[in-house]
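**Q** Chains as they are written, first to last, in full-length UniProt numbering: chain A, 1 to 688; chain B, 1 to 177. Glycine is no exception: its CB is placed at the ideal position from the N, C-alpha and C atoms. Sending over a structure as C-alpha cells; questions will come in a sec.
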Amino acid sequence: MSVGEAVVRIEGRDKVTGAARYAGDIPVAGFAYGWVVQSTIARGRVSSVDDGEALARPGVLAVLHHGNAPRLGEADDATLLVLQDPRVPHLGWPVALVVATTAEEAREAAATLRIEYQVESHDAAFRAEHPRMYVPDHINPTYETETVKGDVDGALATAEVVVDATYTTPAQHNNPMEPHAAVAEWHDGRLTVHDSSQGAYAVKQALTRLFSLQPDAVRVVSEHVGGGFGNKGTARPHVVLAALGAAAVDRPVRVVLTRPQLYALTGYRTPIVQRVRLGAHRDGRLVALDHLASSQTSKVLEFTEQTALISRSMYASGALRTRHRVVALDVPTPRWMRAPGESPGSFALESAIDELAIACGVDPVELRIANEPESEPASGLPFSSRNLVACLREGARRFGWSGRDPRPALRRDGRWWRGTGVAAATYPARSNPSSASVTAEDDGRFTVRVTAADIGTGARTALTQVAADALQVPMSEVTVLIADSDFGPASVAGGSSGTASWSWAVVAACRDLLAQGAAAGTTAQANTGKAVAARPDLARHAYGAHFVEVAVDPHTGEVRVPRMLGAFAVGRIVNPLTARSQLIGGMTMGLSIALLEESTMDTRFGDFVNHDLANYHVAANADIQSIEAVFVDDPDDQLNPVGVKGLGEIGIVGATAALANAVWHATGVRHRDLPIRPDRVLNATYAV
Amino acid sequence: MTSQRIGVSTVRLVVNDEPHELEVDNRMSLLDLLRERLGATGTKKGCDHGQCGACTVLLGGRRVNSCLILAVAASGASVTTIEGVGDGTELHPLQRAFLEHDGYQCGYCTPGQICSAIAMIEEAAAGWPSAVSADVGAAKVSLDGEEIRERMSGNLCRCGAYVNIVAAIADVAGGRA
Ligand code: FES
Ligand code: FES
C-alpha cells in the first residue's frame, strides 16, 4: 500500500534545485514581453490613447488598447473581456498592453503612453448599511442566498441567554508567492498557453469561448504553480492579454503581472460585516441561530461570498436563519480566497459561540459538544460522517485544555498576558466530475494522465500513491502527468475538491485497465461525471478543532502566538507528510489574517493603497512559533473511492476565532474586528 | 563597463563558477539578468521590490535580494544561485533537509529560502548577532528556533511552510552551530 505512507514530493528535487519551471520561466522561442497598463481612474471611459511616443521607442512591437485589440467572443466572466471597450469599471482595470522585445523596453514605453479619460463619479465605500445593498439570486458558487427554519425572532425573544454581536473582516488578498504569469503562442490557428493556474481545463474552456475556437485548438499547461489559494482558480486577465498580444504581434508573448497589479486584477476576499444572534438555554443549548452577512462585489461580475454557509451545517438549533446581502461598487472584483465563506464565517460564528459559552458559564469545548446535531441543521440531510467531537476531545487532550481557568485576564507573565482559546472548523467535502487515463507502457510501467494541478498541495504525489495502489504496483512503476488540458476535463484545484475528484477518476481508469488485462500499449479512460451525480444526497463535511495559546502585551499591542494545535477529521490521509504541511499552512494563513492582513481601500481613489508585500503584511517566519496538526480517525465510505475529504481549506477555518477567543481569555477584551492590530489591542479598555 | 551603445553596458560575472560576459540593458536587475539572459530561472521573482526574498542569491558568498541590484552594479562579482548550491550531482545538505522535512509546498519561495539559509548559517557561525541574540558580542551564535525564525524572516512563504523550513534548517545548522 502506498496510500497512507509519508512520501517525499515527487517533484521535490526539481523544486529544491530550481529546475521546476513555473509559467513565467518557460523558455518559449522568440517570445516578446507584454506589459499591462492599468486605469488610473475608478470609473469612466478612456477617451484617447496616444501611443505615438511608445511606438517610436526601440524594441516596441505593439500597443494594444480598446481601439485596436483583436475582438473577443463570449465570456462567462466579464473580467476577461479586456481591451474591448472604453469603459473603466474600477481603478486598475487593464487599458493597454505594450509588447516589446525586452521587459525593460515594454515597461518604459508603457510609461510614455498618454491616456485620457472621461471621469465619472465613483463609489468604492463599502458599508453594511449601503442603500444599494441587495439580496442576490444565489451565493458562491450556487448556494441558496437565504435559509430559514423555525421562528428565529420568536425564539430569540424568549431565549434565556442571547448573544447579539457584529463582526467585521477586511478585504484580504491571496498574494500567492508567484505573481500570475502566462506565455501564449499561436500556431496555425491553435493557441498554446503556459499559465499559472489552479485549473488548466477551466482556463482552456474560457479561452476557447473568448477566441471562438474549436476545443481541440486550445492547450493550457500549468506544470508548476507557485501557490494560488483561489486566486488562480479560473482564468484571469493576464492570460487573455498574453493571447491577445501574441495574436497581434504574431509571436509568443509572455505577460507577468507585478505584485501591485495582482491587487486589482486577480481577485481578493471581500470585506464582510456579519451579525450573529444566538439564543440559548442557560446550559448553552441553542434555540436560535441567526447569521446575516453583507459583502461587496464589483460592477463587472457578481460574486457573493457564502459567508453564513457555515451556520447551516454546524450546530443544532430549533430556529435557524442564514442570509446574505451584497452591494455592487466601483471596485475590483472579489473572488475566491482560501475557504471563501467558511474563513470569515467561522470567525463570526465561532467567536459568537465563545461569547455564548462565557455568558452561560459553560466550557467552550463542552458547549460545542452539547450542540452537536443529529443531521445537517438547515437541510436535514444525514451526515456521511461527522467527527467534530473527536477533534474537540483529541485536540483538548493534546493541548492540555482540561483544568483551564475560564476567567479572563488572570495569567500575567512579565509584560505578557496569556490566554487560550478554542474554535471548531468545518468545510464541505466535495468531489467534482473529472476524467483521467492510464496507459500500460511497453516497459511494464504505467503512465497516468489527469488535468490536475499541484499548486503546492502535493497532488502529484498523492495521485501517484493512489494510482500505484489501484494498479497494485509500487509507486516507482507509475508516472503521473498532470496540468495539461489535453488530458481532458478535470476539476479545479479549489474548494478542497482536487484530490477527492481526480483520485476518483484515476482509480476508475486504473481499475478499468486491470479489468481489460493491462496489455502493453493499452489505455483505459474514465470520466466520473455519472458516478459523482449518482451519489445519494448526504451532508459531506470535514471537521477540525483549533486550540491556540496567545501572549498579549497590552502596553505595546503586540500579540504573539506561542502555540497552535489543530485536530482534524479529514477522511483518509493519502500522504501524512504533505497533509500535515497543508493543514499547518492553512493554520499559518489563519494566524496571518487574524493578526496582520488587511487591504485598505482608499475610497477617494478606489484603490487598495497597501498593494505590495511591504504594506500588506503576511506572516513572516518570526510570526510563527509552534504549529501542529494531528489527525483523528475519520472513515467515510460515502465520499469517493479513496475516501478523501480535502485538506486545502479546513486548516484556515476557525483559526481566526480560536485566536480571538484566546485574546479575550488573555485580556478580557473581545475583538470582533479583524485583524487584531496592535492599535486595536492598545486602545482597548482593560478592566484591570 | 563601457559600451558603444547608449543605455547598454558590458557586464562580466561568474555565475555558479561559470564566467559570463554580456551586454546588458542598464535598467536590468541582476535577477532579470539571471532569469532572462542566462536562463537561470531557479531564482524567482515574487515582488521585484526587495519585499519577499524569493530572488535571494549569494553575491560573493553573501545573501542579497537580486531584484534590488542592477546587473551593471554586480559586474565583476561572483554569484551563486540555487542551480549552483549543490556540487553538481549531490544535493546540498539544506536541499536534502527541505525534502525530508517538507520545507516547502508550491516551491516558489524555496530557492530563495535555501540560498538565504546557506548564508544565514555562515553569518551565525561568524558571530553576527540578530535582533533576538541575547549576547551581541558572542563569537558564534547558536541557531535555536528563535534565531532561525528571526534571521529567515526576509524570506516570505505564503504557503505557510515556516514550521518545516525551520525544522529543515535546524537539522543542518545543528551540525554547525
Ligand atoms: S523578488 Fe526580490 S525580494 Fe521579492
Ligand atoms: S512553498 Fe509556496 S511560498 Fe513557500
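Run through chain A and tell me which residues come within less than 7 Å of residue 158 of chain B, C-beta to C-beta.
**A** For the purposes of this step, residue 158 of chain B is identified with residue 158 of the second sequence, where counting begins at 1. 175, 176, 177, 227 and 618, listed in chain order.
**Q** Let me know the alpha helix (DSSP H) ranges lying completely inside the segment 89–132 of chain B, each 4 residues or longer, listed in chain order.
**A** 93–100 and 110–125
**Q** Can you grab the Cα-Cα spacing for the pair residue 131 of chain B / residue 583 of chain A, in whole Å?
**A** Walking along the second sequence from the start, residue 131 of chain B turns up at place 131. Walking along the first sequence from the start, residue 583 of chain A turns up at place 583. Near 30 Å, if we compare the C-alpha coordinates of residue 583 of chain A and residue 131 of chain B.
**Q** Measure the beta-carbon distance from residue 53 of chain B to residue 65 of chain B and round it to whole angstroms, keeping in mind my assumption that it falls under 8 Å.
**A** Here the question's residue 53 of chain B lines up with position 53 in the second sequence. Here the question's residue 65 of chain B lines up with position 65 in the second sequence. Between residue 65 of chain B and residue 53 of chain B the Cβ distance is about 7 Å, and since that is below 8 Å, they are a contact.
**Q** Could you round the C-beta distance between residue 625 of chain A and residue 561 of chain A to whole angstroms and report it? I think they count as a contact, below 8 Å.
**A** Numbered from 1 along the first sequence, position 625 holds the residue referred to as residue 625 of chain A. Numbered from 1 along the first sequence, position 561 holds the residue referred to as residue 561 of chain A. Contact flag correct, Cβ pair sits at about 6 Å.
**Q** In angstroms with no decimal places, state the Cα-to-Cα distance between residue 388 of chain A and residue 541 of chain A.
**A** Reading the first sequence from its first residue, position 388 is the one you call residue 388 of chain A. Reading the first sequence from its first residue, position 541 is the one you call residue 541 of chain A. Near 10 Å, if we compare the C-alpha coordinates of residue 541 of chain A and residue 388 of chain A.
**Q** For the segment 346–357 of chain A against the segment 166–184 of chain A, do three or more pairs of beta-carbon atoms, one drawn from each stretch, fall closer than 8 Å, so that the two count as touching?
**A** yes
**Q** According to the Cβ coordinates, are residue 116 of chain A and residue 39 of chain A closer than 8 Å?
**A** Reading the first sequence from its first residue, position 116 is the one you call residue 116 of chain A. Reading the first sequence from its first residue, position 39 is the one you call residue 39 of chain A. No.
**Q** Return yes when the Cβ of residue 331 of chain A is within less than 8 Å of the Cβ of residue 606 of chain A, no when it is not.
**A** Here residue 606 of chain A is taken as the residue at index 606 of the first sequence, counted from 1. Here residue 331 of chain A is taken as the residue at index 331 of the first sequence, counted from 1. Yes; because the gap between Cβ atoms is below 8 Å, this pair is in contact.
**Q** Three-state secondary structure (DSSP) at residue 581 of chain A?
**A** To locate residue 581 of chain A, count along the first sequence from 1; it is residue 581. In the three-state scheme derived from DSSP, where H, G and I count as helix and E and B as strand, residue 581 of chain A is classed as helix.
**Q** At a cut-off of 7 Å, would you count residue 32 of chain B as near ligand 1, judging by its Cβ distance to the nearest heavy atom?
**A** The count along the second sequence starts at 1 and reaches residue 32 of chain B at position 32. Taking the Cβ of residue 32 of chain B as the reference point, every heavy atom of ligand 1 lies at 7 Å or farther away.
**Q** Taking 8 Å as the cut-off, decide whether the C-beta atoms of residue 207 of chain A and residue 193 of chain A are in contact.
**A** The count along the first sequence starts at 1 and reaches residue 207 of chain A at position 207. The count along the first sequence starts at 1 and reaches residue 193 of chain A at position 193. Cβ atoms of residue 207 of chain A and residue 193 of chain A: closer than 8 Å.
**Q** Please report whether the beta-carbon of residue 16 of chain B lies at a distance below 8 Å from any beta-carbon of chain A.
**A** What you label residue 16 of chain B is simply residue 16 of the second sequence in a count that begins at 1. Judged by the 8 Å Cβ criterion, residue 16 of chain B is not in contact with chain A.
**Q** Short of 8 Å Cβ to Cβ, which residues in the UniProt domain "2Fe-2S ferredoxin-type" (9–85) of chain B face chain A?
**A** 25, 27, 28, 32, 35, 36, 39, 40, 41, 42, 43, 44, 45, 46, 47, 48, 49, 51, 52, 54, 81, 82 and 83
**Q** May I have a chain-ordered list of the beta strand (DSSP E) segments no shorter than 3 residues that lie completely inside the segment 449–497 of chain A?
**A** 478–482
**Q** Taking only the alpha-carbon atoms, compute the straight-line gap between residue 3 of chain B and residue 23 of chain B and give it to the nearest angstrom.
**A** The residue given as residue 3 of chain B occupies position 3 in the second sequence. The residue given as residue 23 of chain B occupies position 23 in the second sequence. Residue placement at residue 3 of chain B is poorly supported in this model, since its pLDDT is 49, which falls under 50; the coordinates still yield a value, given next. If you take the alpha carbons of residue 3 of chain B and residue 23 of chain B, they lie about 8 Å apart.
**Q** Take the Cβ of residue 641 of chain A as the centre, count every other Cβ of all protein chains shown within 10 Å, and call the residue buried at 16 or more, exposed below.
**A** In the first sequence, counting from the first residue as 1, residue 641 of chain A sits at position 641. Answer is buried; the Cβ neighbour count reaches 16.
**Q** Which chain B residues are close to residue 611 of chain A, counting only those with a beta carbon under 8 Å from its beta carbon?
**A** Here residue 611 of chain A refers to the residue found at position 611 of the first sequence. Residues of chain B whose Cβ lies closer than 8 Å to the Cβ of residue 611 of chain A do not exist, since the nearest Cβ in that chain is about 11 Å away.
**Q** In the DSSP assignment, find the alpha helix (DSSP H) that holds residue 530 of chain A and state where it starts and stops.
**A** Taking the first sequence and counting its residues from 1, the one referred to as residue 530 of chain A is at position 530. Membership of residue 530 of chain A in the alpha helix (DSSP H) is indicated by the continuous run 529–533.
**Q** So with CB distances below 7 Å, who are the chain A contacts of residue 143 of chain B?
**A** Along the second sequence, read from residue 1 onward, the residue named residue 143 of chain B stands at position 143. In chain order: nothing, as chain A lies at least about 13 Å away.
**Q** Determine whether the beta carbon atoms of residue 596 of chain A and residue 7 of chain A lie at a separation below 8 Å.
**A** Reading the first sequence from its first residue, position 596 is the one you call residue 596 of chain A. Reading the first sequence from its first residue, position 7 is the one you call residue 7 of chain A. No.
**Q** Would residue 675 of chain A count as contacting chain B if we go by Cβ distances under 8 Å?
**A** Taking the first sequence and counting its residues from 1, one reaches residue 675 of chain A at position 675. Closer than 8 Å: no.
**Q** Would you call residue 15 of chain A buried or exposed, if buried means 16 or more other Cβ atoms sit within 10 Å of its Cβ?
**A** Looking up residue 15 of chain A in the first sequence gives position 15. Residue 15 of chain A should be labelled buried.
**Q** When DSSP builds the beta bridges, which residues end up paired with residue 229 of chain A?
**A** Locating residue 229 of chain A in the first sequence gives position 229, where the first residue counts as 1. Note: residue 229 of chain A sits in no beta bridge, so no partner.
**Q** Is residue 125 of chain B close to chain A? Criterion is C-beta to C-beta, closer than 8 Å.
**A** Within the second sequence, residue 125 of chain B is the residue found at index 125, counting from 1. Chain A contact via Cβ: absent.
**Q** Out of A:317, A:323 and A:555, point me to the one whose CA is closest to residue 374 of chain A's CA.
**A** As a working mapping, residue 374 of chain A is identified with position 374 in the first sequence. Ranking A:317, A:323 and A:555 by Cα distance to residue 374 of chain A puts A:317 first.
**Q** Quick one, which residues of the segment 576–588 of chain A are near chain B if we go by CB-CB under 9 Å, in chain order?
**A** 577, 578, 580, 581, 582, 584, 585, 586, 587 and 588
**Q** Considering only heavy atoms of ligand 1, does any lie closer than 7 Å to the CB of residue 51 of chain B?
**A** Position 51 of the second sequence, counting from 1, holds the residue named residue 51 of chain B. Yes, Cβ of residue 51 of chain B sits closer than 7 Å to a heavy atom of ligand 1.
**Q** Please list the terminal residues of the continuous alpha helix (DSSP H) segment that includes residue 356 of chain A.
**A** Working through the first sequence from its first residue, we reach residue 356 of chain A at position 356. First-last of the alpha helix (DSSP H) with residue 356 of chain A: 342–360.
**Q** In angstroms with no decimal places, state the Cα-to-Cα distance between residue 157 of chain B and residue 621 of chain A.
**A** Along the second sequence, one-based indexing puts residue 157 of chain B at 157. Along the first sequence, one-based indexing puts residue 621 of chain A at 621. So the alpha carbons of these two residues sit roughly 8 Å apart.
**Q** Residues bridged to residue 599 of chain A by DSSP?
**A** Locating residue 599 of chain A in the first sequence gives position 599, counting from the first residue. Residue 599 of chain A pairs with A:171.
**Q** Evaluate contact between the segment 158–171 of chain B and the segment 98–111 of chain B, counting only Cβ atoms and requiring at least three cross-stretch pairs below 8 Å.
**A** yes
**Q** Alpha carbon to alpha carbon, what distance is there between residue 5 of chain A and residue 311 of chain A?
**A** Indexing the first sequence from 1 puts residue 311 of chain A at position 311. Indexing the first sequence from 1 puts residue 5 of chain A at position 5. When rounded, the distance between both Cα atoms is 35 Å.
**Q** Look at the alpha carbon of residue 221 of chain A and the alpha carbon of residue 134 of chain A, and state the distance between them as a whole number of angstroms.
**A** Residue 221 of chain A sits at position 221 when you count from the first residue of the first sequence. Residue 134 of chain A sits at position 134 when you count from the first residue of the first sequence. About 39 Å.
**Q** If we ignore side chains and look at the alpha-carbon of each, how far apart do residue 68 of chain A and residue 108 of chain A end up?
**A** Residue mapping note: residue 68 of chain A aligns to position 68 of the first sequence, counting from 1. Residue mapping note: residue 108 of chain A aligns to position 108 of the first sequence, counting from 1. Take the alpha-carbon of residue 68 of chain A and the one of residue 108 of chain A: they are about 21 Å apart.
**Q** For residue 230 of chain A, tell me which candidate among A:506, A:340 and A:532 has the shortest Cα-Cα distance.
**A** In the first sequence, the residue the question calls residue 230 of chain A occupies position 230. Taking only the C-alpha atoms, the option nearest residue 230 of chain A is A:340.
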